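Written out below as structure tokens is the structure these notes cover.
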Ligand SMILES: Cc1cc2nc3c(=O)[nH]c(=O)nc-3n(C[C@H](O)[C@H](O)[C@H](O)COP(=O)(O)OP(=O)(O)OC[C@H]3O[C@@H](n4cnc5c(N)ncnc54)[C@H](O)[C@@H]3O)c2cc1C
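Chains as they are written, first to last, in my numbering: chain Z, 37 to 358; chain U, 150 to 398.
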């Protein structure tokens, strides 16, 4: 038996979430007395593959097949399901990101495996198999029992600490044949920005709300973010107004993120906004209104005008770097 | 062409969640039930596509798996503009169960495009859409932030890390939609509300299916430490605290 973990790479480098996933899988394997097998789809070289061993993978299966260049949920799920059967997997660990959300439900039906989605901690117990899972957009956490023989857990990004447990993992290159009848997604065009810090992967996020008043005021916010190596985000009205691009919108109906540090500037802290950011380790709020609900969620706050505070914060970070 | 929109019935997003009895369920007293925000947007987009199709899209149907008590939510979808509705008369036990019921209906009724929201705001499962597609062995595209139909071919925009892709799949398929799919949810007008009363809601009985998961208890998120305030005259102190106390920069 094994815990099978589906890893993801970005242009051949594993994403940080892959190490979180393997660390998590190692934890689950410890609870169930099994080993960890990691699956990688895409062109990843051997040195990079070996890295998964550092976090506890016992075996690494690498599949690099041209037909799997683009995500087709049906094709990916059938490939992973075959591996899961061969490896006699009892638990599958997958990210709760866009890719994971595309694949996990299909695997669930293929393997008749119940899904615990958006887990952030190791299972509460294994008999019955009970997971701790986010519900009501973070306003409640459920204890959910998975009754099927095989279980699928999707891990919330940035929620589980990476831990190193070096292992000399074996690498197996697997050739698969992808049946065209299950690989029907045709990609016509790709637009990809490189160099930008991805919001879901960022350790620090600086976010602006309607209190920023105008898109013209974003200069100092962006400067502050880049001085911290942070990604930028915004509240919904800001993206609705077209002040900032849609992919920056966080919250109930936007991105759900869990950085180490979330800095909310001119954001009131509506429930729907908090739904997207409440799992952040630290929340900082800068707001003119001392009664703004964001301060109830925050650990650090400044009651003040963003336009005055931001330039001073930029200077303070500069001083620090000297 | 026919479109099916899957609708989930959830507490209004501002609801303060309270638990009942021994924390094994949600206290539903006083809760306002609404169409799941994502489903409202996908319904809106389906109606826009129909309006723009010059008759090529014949109908937009909504489907819901739930007890009779969820009828008001279904009527609301009809008031917004759906042509008809199907309710599978069963409590939604888990996403596997719900997806299985919807897939059974689709097998009988034939739809070309099936739209599902990326998640329901109650269970945050993100699973029903992909499961329906797998039960039916048809393609699914997720993280869809845009969809158009050109000469019968659906073209979708899907979000990927750091960008987007334009993709097509043959019909029938399931699109799992998210932010961007429609700008604002369409609001029911008075005329729509009147018409909704007479639109058909077909009630079907569930097929037997076994849920794979069960929620046995709830707990509140861990409370956070109270906010520590830094004087607005000295913002540099914030940086100092983040560096030395929280150790996050
Ligand atoms: C179904 C549904 C889903 C939703 N989903 C989301 C979502 O995903 N994400 C989201 O963000 N919202 C969402 N909303 C909207 C949400 O309810 C709030 O309206 C929104 O979050 C408010 O954005 P804001 O904080 O930027 O603006 P406001 O609420 O207008 O707050 C602006 C804040 O800026 C402060 N301010 C003003 N001037 C200054 C200054 N000079 N310096 C510092 N502070 C200043 C004010 O005191 C105020 O607190 C949703 C709503 C609904 C109904």
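Glycine included, each C-beta is placed from N, C-alpha and C at the ideal position. Predicted, not measured: the structure shown is a model, and the values here were computed from it.
CB of residue 249 of chain Z to nearest heavy atom of ligand 3: below 8 Å? As far as ligands go, the structure on display features ligand 1 and does not contain ligand 3.
Worksheet entry | Heavy atom of ligand 1 within 8 Å of residue 322 of chain Z beta-carbon | The count along the first chain starts at 1 and reaches residue 322 of chain Z at position 286. Yes, ligand 1 has a heavy atom inside 8 Å of this Cβ.
query = Any residues in the segment 248-270 of chain Z with a beta carbon nearer than 7 Å to a beta carbon of chain U? Which ones, in chain order?
reply = 264
Considering only heavy atoms of ligand 1, does any lie closer than 8 Å to the CB of residue 372 of chain U? Mapped onto the second chain, residue 372 of chain U falls at position 223. The answer is no for residue 372 of chain U.
Q. Should residue 360 of chain U be counted as a contact of ligand 1 given a C-beta to heavy atom distance under 8 Å?
A. To locate residue 360 of chain U, count along the second chain from 1; it is residue 211. For ligand 1, not one heavy atom lies less than 8 Å from the Cβ of residue 360 of chain U.
* What's the call for residue 139 of chain Z, buried or exposed, on a 16-neighbour Cβ count within 10 Å? -> Here residue 139 of chain Z refers to the residue found at position 103 of the first chain. Under this definition residue 139 of chain Z is a buried residue.
Q.
Nearest by alpha-carbon distance to residue 280 of chain U: which of Z:144, Z:287 and Z:232 is it?
A. Here residue 280 of chain U is taken as the residue at index 131 of the second chain, counted from 1. The candidate whose alpha carbon is nearest that of residue 280 of chain U is Z:144.
Practice item. Flag residue 157 of chain U as yes if its beta-carbon sits less than 9 Å from any beta-carbon of chain Z, otherwise no. Key: Numbered from 1 along the second chain, position 8 holds the residue referred to as residue 157 of chain U. No - not a single Cβ of chain Z is within 9 Å of the one on residue 157 of chain U.
In chain U, which residues lie with their C-beta within 7 Å of the C-beta of residue 307 of chain Z?
Here residue 307 of chain Z refers to the residue found at position 271 when the first chain is read from its first residue. Within chain U, the residues near residue 307 of chain Z are 162 and 163.
Margin query: Just to confirm my understanding: we take residue 253 of chain U, look at its own chain, exclude 5 residues before and 5 after, and list those with CB closer than 7 Å. What are they?
Written below: Sequence index remark: in the second chain, residue 253 of chain U carries index 104 (1-based). Here the set comprises 356.
Which same chain residues end up closer than 7 Å to residue 342 of chain Z when comparing Cβ atoms and leaving out the 5 residues on each side of it in sequence?
Translated into the one-based positions of the first chain, residue 342 of chain Z becomes position 306. Answer for residue 342 of chain Z: 247, 248, 301, 302 and 322, listed in chain order.
Q. Residue 271 of chain U versus chain Z: which residues are under 8 Å apart at the beta carbon?
A. The count along the second chain starts at 1 and reaches residue 271 of chain U at position 122. The answer, in chain order, is 171 and 172.
- Inspect the beta-carbon positions of residue 321 of chain U and residue 263 of chain U and report whether they are closer than 9 Å. Start at 1 with the first residue of the second chain, and residue 321 of chain U comes out as number 172. Start at 1 with the first residue of the second chain, and residue 263 of chain U comes out as number 114. Yes, they are a contact pair.
When Cβ atoms are compared, which residues of the segment 235-257 of chain U fall closer than 8 Å to chain Z? 243, 244, 245 and 248
| Per DSSP, what kind of secondary structure is residue 45 of chain Z in: helix, strand or coil? | On the first chain, position 9 is the one that residue 45 of chain Z refers to. Residue state, collapsed to three classes: strand.
Review point. Of all the residues that make up the segment 125-145 of chain Z, which are near chain U by a beta-carbon distance shorter than 9 Å?
Key: 132, 133, 134, 135, 136, 137, 138, 139, 140, 141, 142, 143, 144 and 145
Report task. Go to residue 229 of chain Z, then tell me how far its beta strand (DSSP E) extends in each direction, as first and last residue. Result -> Position 193 of the first chain, counted from the first residue, corresponds to residue 229 of chain Z. No beta strand (DSSP E) holds residue 229 of chain Z; DSSP gives it neither H nor E.
By the DSSP assignment, the beta strand (DSSP E) with residue 277 of chain Z in it spans what residues? Reading the first chain from its first residue, position 241 is the one you call residue 277 of chain Z. Note, residue 277 of chain Z: premise wrong, no beta strand (DSSP E); not H, not E.
Please name the residues in the segment 194-222 of chain Z whose beta-carbon is closer than 7 Å to at least one beta-carbon of chain U, in chain order.
-> 220, 221 and 222
Nearest to residue 200 of chain Z by CA position, among Z:137, Z:103 and Z:88, is which residue?
In the first chain, the residue the question calls residue 200 of chain Z occupies position 164. Comparing Cα positions, the closest option is Z:88.
- [ ] Compare the C-beta of residue 387 of chain U with all C-beta atoms of chain Z and state if any pair is closer than 9 Å.
- [x] Indexing the second chain from 1 puts residue 387 of chain U at position 238. Yes, because at least one Cβ of chain Z sits closer than 9 Å to the Cβ of residue 387 of chain U.
Under DSSP, the beta strand (DSSP E) around residue 321 of chain Z begins and ends at which residues?
By one-based count along the first chain, residue 321 of chain Z stands at place 285. Note, residue 321 of chain Z: beta strand (DSSP E), 318-323.
Closer than 7 Å by beta-carbon distance: list the chain U residues that pair up with residue 184 of chain Z, in chain order.
Mapped onto the first chain, residue 184 of chain Z falls at position 148. Correct list: 361.
Does the pairing of the segment 177-188 of chain Z with the segment 150-166 of chain Z give three or more beta-carbon distances under 8 Å? yes
Using only the heavy atoms of ligand 1, determine whether one of them is closer than 8 Å to the beta carbon of residue 281 of chain Z. Within the first chain, the letter at position 245 stands for residue 281 of chain Z. Because no heavy atom of ligand 1 lies under 8 Å away, the Cβ of residue 281 of chain Z does not count as near it: no.
> Taking Cβ-Cβ distances shorter than 7 Å, what residues in chain U pair up with residue 331 of chain Z?
Replying inline: As a first step, residue 331 of chain Z is located in the first chain; it is residue number 295 there, counting from the start. Chain U residues near residue 331 of chain Z: 376.
Straight-line Cα distance separating residue 351 of chain U from residue 395 of chain U
Reading the second chain from its first residue, position 246 is the one you call residue 395 of chain U. Reading the second chain from its first residue, position 202 is the one you call residue 351 of chain U. Approximately 57 Å, taken between the alpha carbons.
- Out of U:363, U:354 and U:397, state which residue places its alpha-carbon closest to the alpha-carbon of residue 173 of chain U. Along the second chain, read from residue 1 onward, the residue named residue 173 of chain U stands at position 24. Of U:363, U:354 and U:397, the residue nearest in Cα terms is U:363.
Given a cut-off of 9 Å on the beta-carbon distance, is the pair residue 227 of chain U and residue 341 of chain U in contact? In the second chain, residue 227 of chain U corresponds to position 78, counting from 1. In the second chain, residue 341 of chain U corresponds to position 192, counting from 1. Against a cut-off of 9 Å, the Cβ pair of residue 341 of chain U and residue 227 of chain U comes out as a contact.
Q.
Suppose only complete runs of 3+ residues qualify. What are the beta strand (DSSP E) ranges in the segment 98-155 of chain Z, listed by chain order?
A. 125-131 and 150-155
Using the beta-carbon of each residue, which ones in chain Z are nearer than 7 Å to residue 290 of chain U? Translated into positions along the second chain, residue 290 of chain U becomes position 141. The contacting residues are 221.
Worksheet entry | Where residue 76 of chain Z falls: helix, strand or coil (DSSP) | Here the question's residue 76 of chain Z lines up with position 40 in the first chain. Reduced to three states, the DSSP call for residue 76 of chain Z is strand.
- prompt: Beta carbon of residue 274 of chain Z: closer than 8 Å to some heavy atom of ligand 1?
  reply: For the purposes of this step, residue 274 of chain Z is identified with residue 238 of the first chain, where counting begins at 1. Yes - ligand 1 has a heavy atom lying nearer than 8 Å to the Cβ of residue 274 of chain Z.
List the residues that DSSP assigns as beta-bridge partners of residue 260 of chain U.
Numbered from 1 along the second chain, position 111 holds the residue referred to as residue 260 of chain U. DSSP lists no partner for residue 260 of chain U.
Using a threshold of 8 Å, is the CB atom of residue 162 of chain U nearer than that to any non-hydrogen atom of ligand 1? Taking the second chain and counting its residues from 1, one reaches residue 162 of chain U at position 13. Yes, Cβ of residue 162 of chain U sits closer than 8 Å to a heavy atom of ligand 1.
Task: residue 335 of chain U: CB within 8 Å of a non-hydrogen atom of ligand 1 - done: Counting from 1 along the second chain, the entry for residue 335 of chain U is found at position 186. Because no heavy atom of ligand 1 lies under 8 Å away, the Cβ of residue 335 of chain U does not count as near it: no.
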